[in-house]
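A quick write-up on the structure given underneath.
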Amino acid sequence: MKALFALLAASLLLVTTGPSFATDRTPLPVSGFSLRAAWADCAQDRRRLCSHVVPGGGRIVRCLMDKVESAAPQCRRHIDKVLAADDAWNACQPDIARHCSGVLPGGGRVVSCLSGNKDRLSRACLKGLADAEETLRY
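For the sequence shown, the numbering used here begins at 48 and goes up steadily by one.
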C-alpha cells in the first residue's frame, strides 16, 4: 500500500496541472515511482505522438495519456500507472473533501491524509486505490 501511495503522489504530480484538472489538486513528489525512467521510456513516443504539444503544465503527459493505445509497450506501462493513479485520485475526491479538506496540498500531505483515514474511505475510493495498486504490480 505504501508503494501505491508513492505512485499515486508521483503520478499525480505529472497530471494534476493538465487543463482538465483543478489547480487545488497538486500532490507532491514522493519516492517510489521513477519519473526519470518514465520520461526516458517515453522519449520516442513523446516525439512521435506529441511533438505538436507545447511543453509545460502537464500537457505532454496528458497527450501521452490520450494516445496510450499508440504508445510503445515500454512507455504504455508507465502511462497505465499514471491512468490508474488518475482514476484513483478522481474516485477519492469526495473522501479528500470529507476527510482532508483542511490539508494543504504539497509534500505528500493529501496522500498521507488518505492513508491515515483508510478505514473511513468510501468504497469507490478504496476500489480506485486497489485497482491502482494492482496496476502497480505489473
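Yeah, the Cβ is synthetic: ideal placement off N, Cα and C, and Gly gets one too. Just so it is clear, the structure is predicted and the values come from calculations on it, not from any experiment.
May I ask which residues mark the beginning and end of the alpha helix (DSSP H) holding residue i?
i    : result
L111 : 106-113
V150 : No alpha helix (DSSP H) holds V150; DSSP gives it neither H nor E.
L161 : 156-163
C122 : 120-138
Looking at the structure shown, is residue i part of a helix, part of a strand, or coil, going by DSSP?
i    : result
A179 : helix
V100 : coil
S169 : coil
Since residue i and residue j are thought to touch, with beta carbons under 8 Å apart, how far apart are those beta carbons, to the nearest angstrom?
i    : j    : result
A85  : H146 : No, A85 and H146 are not in contact; Cβ-Cβ is about 29 Å, not under 8 Å.
L168 : D127 : At roughly 23 Å, the Cβ-Cβ gap does not stay under 8 Å, so L168 and D127 are not in contact.
L96  : S117 : 6 Å
A138 : G175 : 3 Å
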